[in-house]
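Peer 1:
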């Protein structure tokens with residue numbers, strides 16, 4: 040009697056399915072690299088730059104996943120707070136590392152406030168956190184526009200005419216972050232095999248990773264995992280569920296704000312009204328590509344994801360051009376893949392959630408059968 | 327007094343605020359030099375343009391599939407119908423009819439696939455619907471480039487292939503419905519009777535359907551799936567049917583929109599079209615699992631009224647166009663309000 044036990048084939052199938060998104064992406068990247076004709080050196084340099092640029096942002100997504108709140112589409116809130124910080128330091132003309140640190144200090148209270156608000160709202164919408172946080176992103180974007188497009192100038196003083204629109208108030212569509220361009224990247228840039236590596240940025244990211252590892256083991260981290268497993272059980276165990284959930288979103292938002300500042304110091308220009316909206320989608324897609332799911336994500340997923348996702352991003356226009364003769368097609372392709380990946384990962388997660396229930400039941404039945412047999 | 331309070335409660339304070347806001351806009355309008363006739367007819371035209379798209383929310387909400395954030399999928403079916411109708415050389419009013427006929431199989435097919443997908447992800451429909459919409463738009467971006475269209479008004483002149491970003495419907499189905507039985511009162515006030523009649527027809531069809539046996543079953547599935555299953559209703563089939571209806575209505579909705587707007591917007595055009603429709607029906611008093619035709623009418627009138635009135639009135643008062651920001655805050659705030667209501671969460 041072992042019909043109920045898992046066969047090897049099923050186990051293998053499970054592993055494949057768990058990593059379906061990553062495997063699919065590996066294939067896309069392999070084909071893309073072959074057809075793009077880029078040299079390995081060029082690709083390596085691009086990947087290093089992009090890993091340094093994006094990792095911090097993506098790591099900020101991990102804590103809400105730990106607390107069972109799914110993918111935090113509300114990370115755009117943090118990004119907006121970071122951008123507000125950057126606008127202020129550009130106006131005050133503070134450059135270099137001090138400027139970045141000051142921007143981070145300015146962004147912290149804004150992020151914390153927005154994160155607290157977001158957490159409060161998400162507590163009212165348990166079970167549909169993702170779609171709610173997604174809409175919160177849009178909602179706060181409206182308020183961000185109100186402040187930046189209309190408030191900055193008449194209400195919040197901005198002196199630098201290079202920042203302000205010609206009509207006299209509101210921030211320009213693109214802000215040149217000349218003062219802090221590559222401020223962090225160039226502190227300790229070393230060259231290895233002809234590739235320039237922004238070591239300082241990587242050190243900052245490594246510190247954040249250490250923090251994450253420590254955090255997972257701390258009291259708060261354990262509480263979050265308990266809440267993520269089962270809210271009712273956690274509440275019975277004396278954990279303040281609502282409070283813990285809010286804290287997880289607040290931390291995530293603050294980290295996203297810092298991540299956005301690191302991202303923009305590398306880019307060097309700020310698209311005042313667009314940067315933050317795209318960043319949420321790209322970060323989430325990258326995390327999912329790395330094999331994370333709605334309820335399970337690790338630091339390894341972040342780095343695998345950011346590498347694979349950006350590899351696809353770099354090669355697809357060129358591959359599209361060489362393959363079909365239209366670079367535009369490759370560009371549409373990568374947009375499609377970014378959205379398709381999120382869709383696929385969400386669908387797989389929901390299907391797996393339903394299937395794992397039946398599977399767990401079946402395995403339990405087999406265990407009990409075995410136990411009965413042994414008794415006999 | 328209790329009656330008023332009861333009415334207030336059933337109507338909901340956000341709707342009352344929005345209603346009062348709109349009313350005050352209409353009252354202020356003449357004093358700041360905005361023509362009331364123009365505003366009214368603009369509101370009516372926008373109502374006609376968008377109402378069928380908002381109506382596309384109703385079947386899915388009824389069957390418990392939540393808000394149809396996947397509306398872009400239906401819109402794509404409509405775009406295929408419209409472009410094919412032009413491609414096959416139909417002109418004038420006939421092209422509109424043909425567009426509807428050609429869009430129908432796509433709408434039903436997409437709806438069937440989309441519905442089957444949503445049946446596998448019960449409980450997480452809304453987020454997945456959003457991303458189904460996004461990825462289908464992105465997928466069609468590629469398709470518009472490589473599908474073998476060759477009607478000269480639609481393709482890029484220099485490349486000789488690939489559809490343009492915007493295609494004019496002039497000479498095809500521009501204003502087919504707008505001009506049908508159009509009533510002009512005075513100089514400025516125009517009532518697009520045809521478009522409103524068309525919406526009334528569609529709304530009547532949906533209303534009538536919801537009162538048939540299948541329609542009642544749909545409502546039962548939405549309000550209490552366990553009870554529905556106990557009474558022998560095939561839940562998955564009913565849900566798929568509702569999604570097919572929503573998708574088809576989305577296809578028709580975008581055709582109505584285009585015939586008034588004057589352009590077919592391809593590529594990233596349909597990307598954010600779901601959000602205004604979703605918030606319109608919510609402003610009308612619908613919730614995540616309850617919606618009626620009245621909600622559609624009130625919601626679209628309110629939402630489009632605000633969209634029409636704020637730019638002109640605001641511009642005249644403070645010489646700044648803040649309408650875009652107001653639109654974002656109002657529409658997304660409304661969706662948030664609906665998503666966070668306690669009674670709806672424990673479904």
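Chains as they are written, first to last, in this note's numbering: chain B, 40 to 415; chain U, 327 to 673. Every residue gets a Cβ at the ideal spot worked out from N, C-alpha and C, and that includes glycine. Since the structure is predicted, the reported quantities are computational estimates derived from the model, not experimental observations.
With residue 521/U and residue 586/U assumed to form a contact (beta carbons below 8 Å), what rounded beta-carbon distance in angstroms separates them?
Peer 2: 6 Å
Peer 1: In chain U, which residues lie less than 8 Å from residue 368/B when you measure between Cβ atoms?
Peer 2: The contacting residues are 468, 471 and 472.
Peer 1: What are the boundary residues of the alpha helix (DSSP H) that includes residue 495/U?
Peer 2: No alpha helix (DSSP H) holds residue 495/U; DSSP gives it neither H nor E.
Peer 1: Straight-line CA distance for residue 226/B to residue 201/B?
Peer 2: If you take the alpha carbons of residue 226/B and residue 201/B, they lie about 27 Å apart.
Peer 1: Can you check whether the CB of residue 582/U is closer than 8 Å to the CB of residue 561/U?
Peer 2: no
Peer 1: Going by beta carbon distance, what residues of the same chain come within less than 6 Å of residue 40/B, once the five residues before and after it are set aside?
Peer 2: Below a pLDDT of 50, predicted positions are generally treated as unreliable, and residue 40/B, at 48, falls in that range; the measurement from the model is reported next regardless. Taken in chain order, the residues that qualify are 408.
Peer 1: Measuring alpha carbon to alpha carbon, tell me which of 371/U, 496/U, 328/U and 490/U ends up nearest residue 629/U.
Peer 2: Per the Cα distances, 371/U.
Peer 1: Are residue 378/B and residue 464/U touching if we call contact CB-CB under 8 Å?
Peer 2: yes
Peer 1: Residue 133/B and residue 218/B look like a contact to me (Cβ under 8 Å); what is the Cβ gap, rounded to whole Å?
Peer 2: 7 Å
Peer 1: Taking 7 Å as the cut-off, is the beta-carbon of residue 449/U closer than that to any non-hydrogen atom of the ligand ATP?
Peer 2: In terms of ligand content, the structure shown is empty, and the ligand ATP therefore cannot be addressed.
Peer 1: The stretch 557–582 of chain U: which residues have C-beta closer than 7 Å to a C-beta of chain D, in chain order?
Peer 2: Checking the listed chains, one finds no chain D in this structure; the protein chains it contains are B and U.
Peer 1: Does the CB of residue 180/B have a neighbour CB from chain U at under 8 Å?
Peer 2: Closer than 8 Å to some Cβ of chain U, the Cβ of residue 180/B qualifies, so yes.
Peer 1: On a Cα-Cα basis, can you pick out the residue from 311/B, 413/B, 342/B and 331/B that is closest to residue 204/B?
Peer 2: 311/B
Peer 1: Taking all protein chains shown into account, decide if residue 400/U is buried (16 or more other Cβ within 10 angstroms of its Cβ) or exposed.
Peer 2: buried
Peer 1: Quick one, which of 535/U, 343/U and 365/U has its alpha-carbon nearest residue 515/U's?
Peer 2: Answer by Cα proximity: 365/U.
Peer 1: Closest to residue 573/U by C-alpha separation, out of 611/U, 484/U, 438/U and 481/U, would be which residue?
Peer 2: For the residues 611/U, 484/U, 438/U and 481/U, the minimum Cα distance to residue 573/U belongs to 438/U.
Peer 1: Any Cβ of chain B within less than 8 Å of the Cβ of residue 476/U?
Peer 2: no
Peer 1: Below 7 Å between beta carbons is the criterion; list the residues of the stretch 364–390 of chain B that meet it against any residue of chain U, in chain order.
Peer 2: 365, 367, 368, 371, 372, 374, 375, 378, 379, 381, 382, 385, 386, 389 and 390
Peer 1: So residue 460/U contacts chain B; which residues on that side make the cut at Cβ distance below 7 Å?
Peer 2: 378
Peer 1: Note down, in chain order, all residues in the stretch 153–183 of chain B with a beta-carbon under 8 Å from any beta-carbon belonging to chain U.
Peer 2: 160, 163, 164, 165, 166, 167, 169, 170, 171, 173, 174, 175, 177, 178, 180, 181 and 182
Peer 1: For residue 494/U and residue 368/U, what's the separation of their Cα atoms in angstroms?
Peer 2: 21 Å
Peer 1: Residue 408/B CB to nearest chain U CB: under 8 Å?
Peer 2: no
Peer 1: Look at the alpha carbon of residue 672/U and the alpha carbon of residue 613/U, and state the distance between them as a whole number of angstroms.
Peer 2: A caution first: residue 672/U carries a pLDDT of 38, below 50, which makes its placement in the model too unreliable to give a value.
Peer 1: Would residue 529/U and residue 381/U be called neighbours here (beta carbons separated by less than 8 Å)?
Peer 2: yes
Peer 1: Could you name the residues of the stretch 541–552 of chain U whose beta carbon sits closer than 8 Å to any beta carbon of chain B, in the order they occur along the chain?
Peer 2: none
Peer 1: Distance check for residue 115/B and residue 156/B, CA to CA, integer angstroms please.
Peer 2: Computed Cα separation, rounded: 13 Å.
Peer 1: Please confirm if residue 185/B has its CB atom under 8 Å from at least one CB of chain U.
Peer 2: yes
Peer 1: If we count Cβ pairs, one from each stretch, closer than 8 Å, do we get three or more for the stretch 283–298 of chain B versus the stretch 210–217 of chain B?
Peer 2: Judged by Cβ distances under 8 Å, the stretch 283–298 of chain B makes no contact with the stretch 210–217 of chain B, as fewer than three pairs qualify.
Peer 1: Go ahead and pull the three-state DSSP assignment for residue 626/U.
Peer 2: Three-state result, residue 626/U: helix.
Peer 1: What number of angstroms, rounded off, separates the C-alpha of residue 142/B from the C-alpha of residue 111/B?
Peer 2: 23 Å
Peer 1: For residue 310/B, which of helix, strand or coil comes out of DSSP?
Peer 2: strand
Peer 1: Please list the terminal residues of the continuous alpha helix (DSSP H) segment that includes residue 431/U.
Peer 2: 418–446
Peer 1: Could you please give the first and the last residue of the uninterrupted alpha helix (DSSP H) stretch that includes residue 73/B?
Peer 2: It spans 59–75 - the alpha helix (DSSP H) in which residue 73/B sits, taken as one unbroken run.
Peer 1: Hey, residue 350/U and residue 382/B are a contact pair by Cβ (cut 8 Å); roughly how many whole angstroms apart?
Peer 2: That belief does not hold up - the Cβ atoms of residue 350/U and residue 382/B are roughly 42 Å apart, past 8 Å.
Peer 1: Against residue 450/U, what residues of chain B qualify as contacts under a CB-to-CB distance less than 7 Å, listed in chain order?
Peer 2: 385 and 389
Peer 1: Hey, is residue 331/U's beta-carbon within less than 8 Å of any beta-carbon in chain B?
Peer 2: no
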